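In the numbering used here, the protein residues as written are 48 to 552.
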């Protein structure tokens with residue numbers, strides 16, 4: 048039984064059901080349906096690991112006329128990651144949302160967001176990826192605006208404008224690629240562009256020499272436009288201005304979803320584009336440019352996080368910094384087939400998963416701490432360690448992974464990236480990994496410094512439901528546990544990939 052369509056259609060059906068069902072049923076039903084969707088995601092991963100990449104043509108119509116879903120190890124891994132994050136977020140929302148108007152809008156948008164994410168992970172052509180990105184952006188903007196305050200609406204509007212501008216650049220690039228190659232299927236583009244040498248010969252496209260050169264130039268322009276659009280959507284420095292107010296001001300489960308999954312979708316697509324178009328056409332300097340922007344994000348985001356006075360703003364700027372590490376993939380993967388490229392692949396994907404789990408847990412824990420003290424300010428955490436140790440522990444476990452301390456998955460991932468930098472002779476990125484880790488430690492320990500200060504006796508600490516703290520603890524613990532068993536998921540992620548034949552580290 049092919050479950051790929053169910054991973055997209057199921058959440059869409061749940062979104063429609065959550066509009067018509069009585070409000071009191073939506074939270075419990077969402078948790079049950081999230082469990083079912085998670086089970087389907089795990090089954091798809093099992094099919095991919097056992098039988099190789101899976102494909103499904105919706106309605107029996109093959110590409111290019113129909114829509115084809117494809118799951119290799121990377122896509123299946125992202126589907127499982129989405130479930131691993133969305134399920135605790137659904138539990139947190141079901142227990143924590145108390146305002147009827149907010150809950151009314153949350154559940155349909157939550158399910159549309161999940162459907163869009165699975166659609167992006169599984170899409171096999173560039174236009175369907177565009178549709179997924181649009182649905183994802185609109186659902187995310189709606190979730191940011193749920194609070195209804197002036198600040199929330201302003202953050203949502205900035206997010207919407209950034210998302211639309213990024214989508215426009217991406218769509219123009221899609222149109223240019225179709226004009227140059229007559230196909231938008233990733234498999235077709237990979238086959239056609241693989242025949243293009245440095246001079247731009249494209250015999251498989253059946254074009255004349257001048258036309259070949261034109262196709263080559265058009266592809267480069269398209270790739271540049273799509274890259275800029277996706278960088279804006281993923282909030283890479285200096286295109287990150289919309290992210291801190293959107294993530295820092297949203298509801299805790301919304302912030303967790305946005306940071307853990309939503310900003311990863313454009314990066315995932317950029318990696319797919321790089322593997323399809325980049326190795327044959329793009330200059331090495333472009334990879335270094337993306338790496339340099341990532342390095343700048345690491346230090347700028349960390350520095351800004353260190354100087355925030357509000358807890359969730361600190362976590363939001365941490366997202367800006369942590370995204371930067373993921374862009375070290377592009378210079379380190381510059382020569383596919385080498386040991387350095389394999390290490391970069393493993394390290395980047397493991398870091399992406401570790402960051403998703405840790406950051407989702409940190410945002411949920413931060414929301415629990417803010418609820419407990421009744422204030423968004425870090426300084427008001429004084430004495431909280433005596434009253435809400437579980438929430439603080441969840442925050443700390445997530446922080447361990449973000450700092451890259453053993454035995455967390457963050458440590459294992461950064462170690463693999465460090466090995467890749469050594470193997471490729473790109474020593475600069477070693478300084479980025481070490482310096483960024485120190486900055487992460489500084490802003491995480493700043494929170495603990497306030498939490499463990501014994502201030503005046505207070506009796507106004509609220510007590511969030513235990514389920515809220517367990518949701519955060521589950522995600523934080525998973526980011527640690529993954530580091531102890533990283534070999535198996537890394538082997539799964541390689542299935543059907545460009546490094547599928549590489550030996551395990």
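All C-beta atoms in this analysis are idealised placements derived from N, C-alpha and C, irrespective of residue type, glycine included.
None of these values were measured; they are calculated from a predicted model.
- Residue 448 carries a helical assignment under DSSP once its states are collapsed to helix, strand and coil.
- Restricting attention to 366, 121, 348, 54, the CA atom closest to the CA of residue 86 is found in 54.
- Rounded to the nearest angstrom, the Cβ distance from residue 74 to residue 148 is 15 Å, too far for a contact under 8 Å.
- Runs of the alpha helix (DSSP H) lying entirely within the segment 145 to 211 and spanning at least 4 residues, in chain order: 147 to 169, 173 to 191.
- In this structure, residue 190 sits near residue 305, with a CB-CB distance shorter than 9 Å.
- Where residue 115 is concerned, the enclosing beta strand (DSSP E) starts and stops at 115 to 118.
- DSSP places residue 263 within a helical segment (H, G or I) once states are collapsed to three.
- Residue 351 and residue 487 have their alpha carbons spaced roughly 11 Å apart.
- In the DSSP assignment, residue 104 falls within the beta strand (DSSP E) that extends over 101 to 104.
- Under the three-state reduction of DSSP, residue 497 is assigned to helix.
- At a cut-off of 4 residues, the continuous stretches assigned as alpha helix (DSSP H) that sit fully inside the segment 281 to 343 are 290 to 296, 299 to 304, 311 to 323, 325 to 328.
- Taking all protein chains shown into account, residue 534 has fewer than 16 neighbouring C-beta atoms within 10 Å of its C-beta and is therefore exposed.
- Going by DSSP, residue 376 is part of the alpha helix (DSSP H) stretching over 376 to 379.
- When DSSP states are grouped into helix, strand and coil, residue 533 belongs to the coil group.
- Straight across, the Cα-Cα distance linking residue 78 with residue 130 is about 11 Å.
- In the three-state reduction of the DSSP assignment, residue 354 falls in the coil class, being assigned neither a helical nor a strand state.
- Residue environment analysis places residue 356 among the exposed positions, since fewer than 16 neighbouring C-beta atoms fall within 10 angstroms of its C-beta.
- The continuous alpha helix (DSSP H) containing residue 97 extends over residues 70 to 98.
- In this structure, the alpha-carbon of residue 115 lies about 23 Å from that of residue 215.
- Burial check for residue 150: the Cβ neighbour count within 10 Å reaches 16 or more, so the residue is buried.
- Taking every protein chain shown into account, the CB of residue 453 has fewer than 16 other CB atoms within 10 angstroms, so this residue is exposed.
- In this model, residue 461 and residue 498 are separated by some 28 Å (Cα to Cα).
- Bounds of any alpha helix (DSSP H) do not take in residue 49, whose DSSP letter is neither H nor E.
- Residue 139 is not bridged by DSSP to any residue.
- Setting aside the 5 residues that flank it on each side, residue 165 is surrounded in the same chain by 54, 55, 58, 126, 129, each with a C-beta closer than 7 Å to its C-beta; the list follows chain order.
- Across the set 373, 159, 536, the C-alpha of 159 shows the shortest separation from the C-alpha of residue 182.
- Contact between residue 474 and residue 315 fails: their C-beta atoms lie close to 28 Å from each other, not under 8 Å.
- Non-local C-beta neighbours of residue 369 in its own chain, meaning closer than 6 Å and more than five positions away in sequence, comprise 402, ordered along the chain.
- Taking the Cα of residue 334 as reference, the smallest distance to any Cα among 223, 359, 476, 463 is reached at 476.
- Along the length of the segment 412 to 439, whole beta strand (DSSP E) runs at least 3 residues long do not occur.
- Residue pairing from DSSP places residue 232 in a beta bridge opposite 172.
- Inclusion of residue 404 and residue 307 in the CB contact set at 9 Å is warranted, their separation being smaller than that value.
- When the Cα atoms are used, residue 294 and residue 302 turn out to be separated by approximately 5 Å.
- Rounded to whole angstroms, the separation of the alpha carbons of residue 170 and residue 176 is 6 Å.
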